[in-house]
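*Asks:* This is the structure I want to talk about, given as structure tokens.
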């Protein structure tokens, strides 16, 4: 018998085998996978439990076991199990196509087997219901025999507390998504998990300044068999207690008259019973059933159930329809899909997006629940993210400034400022002056400072600026994001991105005009890149006797034109040399104040502001078509 190795027997309890087969059902379009837990009996592998490890980037041909997520899931399952023998014995994943383990799968199995003194198993669940089973020991593939056996001890695939933890994690990852949204959406006041004020919709409560508050109840299931049906909705959860439907209605009645009217949502990965007379009427756009239900006659199945539900709640059928018109039933994706959504929100919020960061974020929400932390504000969330080392440190933040219009944009801003309603005029062309000029210093500049301070709190030093604004605002934004503090700013000039870290071109800021006014001690500077504005600026300064001694007009070497600033390299290089020329004039005149006028591309105004350091207080002027008007004063 020497030279022949005994087959390794992989003994899988029926409940685990059935669960893996369900995961591989033909309707699945992405691979799923996780860990096999159990113990060894000599060289045989006993599989008593299968837990899923989500891979947000899984495809139809690939699932990756991310080590940190896997270790986290393993620790949870072992802590929840009453059996001290439970441990890692292998991996499982599904194949949407009826193809067994690939060479890549076998290579991963061999690598895993070198880390353990006992054999390691791999089970690939296929859509035809078969389980392709492999085993390896000490870096060698071993012959294997799969045995499906009945459960002899615990009658569940996942220990009860592990299942509860997975359900909690579904709630926590959704809560983490909303925590990230709070950094992006300035309308959000706070996010709370298991909020006592939320009643039956207490799992996640999102409060807003202007928009509707959101009250969410989260229900998760670890198997596809569990559904939401009339029995679940109308059965009391405890002796002499209320049913879920009664709890939902009580909370809705308590909050429905708030203004604006809140959203009440049941969010679940469980399917809604497609045979239920009422639940099958769920509208896929509004996620409610009332619109169609109200049309059903009293003798129809839906009408009969409508009457029964009204009686169950002790209200009229009309009142029931009012409730159901605002009770949203959301059939959402798995924890894996929420991992993906959370990662997108983290990216938009300037956070790390690696697997460890997503798990840390989810665990941060879990800690809120354990400690009863209550509502979390934007500033509080951001500080906790910084303390947890979740700030990206790399990447680019998006900063939107809506001054004269609110253009649509595909990018999601981390911070948004909106001054549109403070301008005179109904269109962007008409919006040149604020209704109250005092708002430049009382509102605009403090808001800009606060926004850039918030951007700085992200820990990222790259920011892309979007929005519709005039040149003074572009300049002021650059001033608040200076190169001296390590900022790299960018914007889209037409269809091309201009960035401040572009190597500067060797260009000259040429003096294209110089007028001695003798009206006071100040210096005026006309940035004349696209139009020759020295004459218009001179006329304006003389007309209102601005205390200016000299006007210095600077432009490109070839003179102002619409094409004189061809790219970011020119704009950055010109800003450097213009700053030097202006400093020289200030020093020569000992000017206490500077008055700044623009005819330039927006990107050039941004770059000049970005390099505007060691300058005296500066008043920036807006062109009104035939004259000018002062806007903000920058110190």
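Residue numbers (the UniProt record's numbering): 1 to 635. We treat Cβ as the ideally placed atom computed from N, Cα and C, and that holds for glycine. Because the structure is a prediction, the values reported are computed rather than measured.
#1: CB residue 460 to CB residue 388, shorter than 8 Å?
#2: DSSP three-state call for residue 113: helix, strand or coil?
#3: So which of 563, 380 and 508 has the shortest CA-CA distance to residue 577?
#4: Please confirm if the segment 490-497 is in contact with the segment 515-528, defined as three or more CB-CB distances below 8 Å between the two stretches.
#5: Considering only DSSP beta bridges, list what residue 341 is partnered with.
#6: So, residue 476 versus residue 607, is the Cβ gap smaller than 8 Å?
#7: Taking the CB atoms as reference points, tell me whether residue 343 and residue 56 lie closer together than 8 Å.
#8: How long is the line joining the alpha carbons of residue 431 and residue 472, rounded to whole angstroms?
#9: Could you give the first and the last residue of the continuous beta strand (DSSP E) run that contains residue 658?
#10: Bridge partners of residue 522, per DSSP?
#11: Given a cut-off of 8 Å, decide if residue 449 and residue 480 are closer than it, judged by their beta-carbon atoms.
#12: At the level of alpha carbons, what is the spacing between residue 39 and residue 212?
#13: Check whether the segment 205-221 and the segment 177-190 are in contact - that is, three or more C-beta pairs closer than 8 Å.
#14: Looking only at its own chain, which residues have a Cβ that is under 7 Å from the Cβ of residue 165, when we skip the five neighbours before and after it?
#15: Compute the beta-carbon to beta-carbon distance between residue 125 and residue 20, rounded to the nearest angstrom, for a pair I have assumed lies under 8 Å.
#16: What number of angstroms, rounded off, separates the C-alpha of residue 163 from the C-alpha of residue 52?
#17: When you compare each of 133, 417 and 434 to residue 425 by their alpha carbons, which one comes out closest?
#18: Would you list the residues sitting across from residue 434 in a DSSP beta bridge?
#19: Distance, Cα to Cα, residue 253 vs residue 301?
#20: Just list the residues that DSSP pairs residue 540 with in beta bridges.
#21: Run the CB neighbour count on residue 169, radius 10 Å, all protein chains shown included, and call it buried at 16 or more, exposed below.
#22: Expressed to the nearest angstrom, what Euclidean distance is found between the alpha-carbon atoms of residue 69 and residue 385?
#23: Thinking just about the alpha-carbon of each residue, which of 45, 270 and 382 is nearest to the one in residue 330?
#24: So what's residue 494 in DSSP terms, helix, strand or just coil?
#25: Does the segment 132-152 come close enough to the segment 5-25 that 3 or more CB-CB pairs lie under 8 Å?
#26: Just reading off the alpha helix (DSSP H) that residue 363 is part of, what are its end residues?
#27: Check whether the Cβ atoms of residue 312 and residue 266 lie closer than 8 Å to each other.
#28: Please state whether the Cβ-Cβ distance between residue 390 and residue 352 is less than 8 Å.
#29: Who are residue 219's beta bridge partners in DSSP?
#30: Looking at C-alpha atoms only, which residue of 297, 282 and 299 is the closest neighbour of residue 291?
#31: Taking only the alpha-carbon atoms, compute the straight-line gap between residue 581 and residue 516 and give it to the nearest angstrom.
#32: Please name the residue in 454, 469 and 414 whose C-alpha comes closest to that of residue 428.
#33: Are the Cβ atoms of residue 530 and residue 561 separated by less than 8 Å?
#34: Under the three-state reduction of DSSP, which class applies to residue 531: helix, strand or coil?
#35: Quick check on DSSP: helix, strand or coil for residue 35?
#36: To which residues does DSSP link residue 458 through a beta bridge?
*Replies:* Let me spell this out:
#1: Remark: C-beta atoms of residue 460 and residue 388 do not approach each other more closely than 8 Å.
#2: Of the three classes helix, strand and coil, the one that applies to residue 113 here is helix, per DSSP.
#3: Checked all of 563, 380 and 508; the closest Cα to residue 577 is 508.
#4: No, they do not touch.
#5: According to DSSP, residue 341 bridges with nothing at all.
#6: No. Outside cutoff.
#7: yes
#8: 13 Å
#9: Residue 658 is absent from the model: the chain starts at 1 and stops at 635.
#10: 548
#11: In this structure, residue 449 lies closer than 8 Å to residue 480 by Cβ.
#12: C-alpha separation (whole angstroms): 51 Å.
#13: Counting Cβ pairs under 8 Å, three or more are found: they touch.
#14: Confidence is the limiting factor: at residue 165 the pLDDT is only 42, short of 50, which leaves the residue's position unreliable, though a coordinate-based value still follows. Same-chain partners within the cutoff: 76 and 80.
#15: Right, their Cβ atoms sit about 4 Å apart.
#16: Its pLDDT being 41, under 50, residue 163 is placed unreliably in this model, and the value from its coordinates should be taken loosely. Their backbone Cα atoms lie some 11 Å apart in a straight line.
#17: 434
#18: 423
#19: 26 Å
#20: Per DSSP, none; premise fails for residue 540.
#21: buried
#22: 19 Å
#23: 270
#24: DSSP places residue 494 in coil when its eight states are reduced to three.
#25: yes
#26: Run containing residue 363: 355-371, per the alpha helix (DSSP H) assignment.
#27: no
#28: Cβ distance < 8 Å, so residue 390 and residue 352 count as in contact.
#29: 268
#30: Nearest C-alpha to residue 291: 282.
#31: 17 Å
#32: 469
#33: yes
#34: coil
#35: strand
#36: Per DSSP, residue 458 has no beta-bridge partner at all.
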